[in-house]
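Reading through the structure tokens given below for one structure.
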Amino acid sequence: METTGVVRLAIRADAAFDGERRLPEGALVLVDNGAIVAVEPGGAPAPEGWDVHHEPGTTLLPGLIDAHTHLCGDSGPEALDKLPDLSPGEIDAIVEQSLAIHLASGATAVRDLGDQDWAVVERHRDHATGPAVVASGPPITTADGHCAWLGGAVSGGTDRIAQLRRAVRERAERGADLVKIMTTGGMMTIGTDIRACQFTLEELRAVVDEAHRLGLPVTGHAHALAGVRQCVAAGVDGIEHCTCVGPDGVANPRGLADEIAAAGITVCPTVGHQFPGGQPPPDVAERMAKAGFDLTRRREQVGELYRAGVTLVSGVDSGIHMAKPHGFLPRTIAELVKCDVPEIAALTSATAVAARVCGLDGRTGRLRAGLDADLLVVRGDPMADIVALESVHAVFRRGRPAGE
């Protein structure tokens, strides 16, 4: 085998998941100069002179991809609300810490869906050793809408469609990877209505049309059932949350999942919370109760999306508050399993499928020769027990151990 470079590593594991399926004989992955150069059965001999990494009882899989994060948020109280009061240096420090936490947890790539004044897009896209970053910039929203303070608000008036098209063009000019639009109110913005749409269908269609003309995908934040239906009608590429909150709480209308699947729309349901002490703070609990949030119905709804053939990706919505910390992705993937999504499909939602949806296909997300050596080694077998994802043994980003 001809290889170049100075970093040659052979990573062997008794079990392996290649991003789409179990490899029945485990795997020996050969890494040269940051790239995967070969994937062989686990019992194959390592090339002479290569460093061998092998811990018995472990599973090797591609590095995970968190498809919904907010790197500017520190997961503390008022994590996003306080951002306008922070200096660029303070925000940069939070982003760097967030990325380090993601990497340590096994996420070698993240998709940031809402930064403060372009901080991630303009200053944190190229990390030699940290996770790969895909970013939308500030989400498009209304002047008094969800997360308006992040810098993506458009005003009302008769020219709002023109404003929205300009906002999309600005994202293309600044180098954003996609457009995110807040189609409904949000749980974290007091005064917005999660049951109501923030834009008309004509306005949302204008955003999608302009973005697609410029080669950018569009994902829509949608908690309201009306917002989800609007996203489908407008032809968005993705829906974040897809909570489908109606007058009676979380809804699961007959046929809606089939419509989403037929439209080829990806859903990132952002399931899973980690409340200190097991309970949300009183103000959060009150908003959840008013929304009619019910965990059992929510799990049934996400399971129905999967059974209908909707493409699912895993994302935490990390950084927004203490119940959604950075590094929580293994728990979110485990929550998908509780939604009756099989372990293999749940793992795929954070590897091969996430890579395709995030525009990283051909770079990462699989154990495949020619891709970046973004790798995760865990103790146990997450294909049999998804909780094993939390038992991180080693993380490699472009062949380098995390933290080096």
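Using full-length UniProt numbering, you'd call the opening residue of the sequence shown number 1 and step up by one each time.
Even glycine gets a Cβ: it sits at the ideal position worked out from N, Cα and C.
Keep in mind the model is a prediction, meaning the values are calculated, not measured.
| Asked | Found |
| --- | --- |
| Excluding five sequence neighbours on each side, which residues of the same chain lie with their C-beta closer than 6 Å to the C-beta of residue 191? | none |
| Might you give, ordered along the chain, the residues of its own chain that have their beta carbon closer than 6 Å to the beta carbon of residue 31, omitting 5 neighbours on each side? | 9, 373, 399 |
| Indicate whether residue 164 and residue 206 have their beta-carbon atoms separated by less than 8 Å. | yes |
| Looking only at its chain, what residues have a beta carbon closer than 6 Å to the beta carbon of residue 390, apart from the 5 residues adjacent to it on each side? | 330 |
| Where does residue 208 fall in DSSP's three states? | helix |
| Taking 8 Å as the threshold, find out whether the stretch 319-334 comes into contact with the stretch 344-357 through three or more Cβ pairs. | yes |
| Which of helix, strand or coil does DSSP assign to residue 5? | Low confidence applies here, because residue 5 scores a pLDDT of 45, under 50, leaving its location unreliable; read the following figure in that light. In this structure, residue 5 counts as coil in the three-state DSSP scheme. |
| Per DSSP, what kind of secondary structure is residue 449 in: helix, strand or coil? | Since the first residue of the chain shown is 1 and the last is 404, residue 449 is not available in this structure. |
| Am I right that residue 411 and residue 272 are in contact with their C-beta atoms under 8 Å? What's the rounded C-beta distance? | Examination of residue 411 is not possible in this model, given that the chain is present from 1 through 404 alone. |
| What is the rounded straight-line gap between the Cα of residue 171 and the Cα of residue 114? | 12 Å |
| Does the stretch 223-237 come into contact with the stretch 116-125, if we say contact requires no fewer than three beta-carbon pairs (one atom in each stretch) closer than 8 Å? | no |
| Would you kindly work out how many angstroms separate the C-alpha atoms of residue 124 and residue 36, rounded to a whole number? | 25 Å |
| What span of residues does the alpha helix (DSSP H) with residue 96 cover, start to end? | 88-104 |
| For residue 436, which of 309, 19, 367, 188 has the nearest alpha-carbon? | Outside the modelled stretch of the chain, which goes from 1 to 404, sits residue 436, for which no answer is possible. |
| Just how far apart, CA to CA, sit residue 5 and residue 377? | Confidence in residue 5 is poor, its pLDDT being 45 and thus under 50, which makes the residue's placement too unreliable to answer from. |
| With a Cβ-Cβ cutoff of 8 Å, do residue 63 and residue 356 count as a contact? | no |
| I'd like the span of the alpha helix (DSSP H) that includes residue 165, first residue to last. | 160-174 |
| Is residue 348 helix, strand or coil when you go by DSSP? | helix |
| Going by the DSSP bridge assignment, what does residue 29 pair with across the sheet? | 11, 39 |
| Pull up the CB-CB distance for residue 197 and residue 189, whole angstroms please, since I reckon it's below 8 Å. | Going by Cβ atoms, the distance from residue 197 to residue 189 rounds to 15 Å, so no, they are not a contact pair. |
| So residue 232 is in the alpha helix (DSSP H); what residue range does that whole segment cover? | 225-234 |
| Let me check understanding here. Comparing Cα to Cα, which of 243, 324, 162, 238 lies closest to residue 216? | 238 |
| Can you give the Cα-Cα distance for residue 386 and residue 296, rounded to whole angstroms? | 20 Å |
| Return yes when the Cβ of residue 100 is within less than 8 Å of the Cβ of residue 319, no when it is not. | no |
| From the DSSP output, which residues share a beta bridge with residue 238? | 219, 266 |
| DSSP beta-bridge partners for residue 358? | For residue 358, which the question treats as bridged, DSSP gives no partner whatsoever. |
| Threshold first: 3 residues or longer. Then list the beta strand (DSSP E) segments lying entirely within the stretch 286-346, N to C. | none |
| Express the C-alpha separation of residue 17 and residue 364 in angstroms, rounding to a whole number. | 14 Å |
| Where DSSP assigns a beta bridge to residue 400, which residues make up the other side? | 397 |
| Can you give the beta carbon distance from residue 162 to residue 153, rounded, assuming they're within the 8 Å contact cut? | That pair is no contact at about 15 Å. |
| Around the C-beta of residue 298, are 16 or more other C-beta atoms found within 10 angstroms, so that it is buried, or is it exposed? | buried |
| DSSP three-state call for residue 111: helix, strand or coil? | strand |
| Smallest Cα separation from residue 74: which of 104, 321, 354, 402? | 321 |
| Roughly how many whole angstroms lie between the Cα atoms of residue 394 and residue 71? | 23 Å |
| Measuring only from the beta carbon, is residue 195 closer than 7 Å to any heavy atom that is part of the ligand ATP? | As for the ligand ATP, it is missing from this structure, which has no ligand bound. |
| Provide the residue(s) that pair with residue 140 in DSSP beta bridges, ordered along the chain. | 181 |
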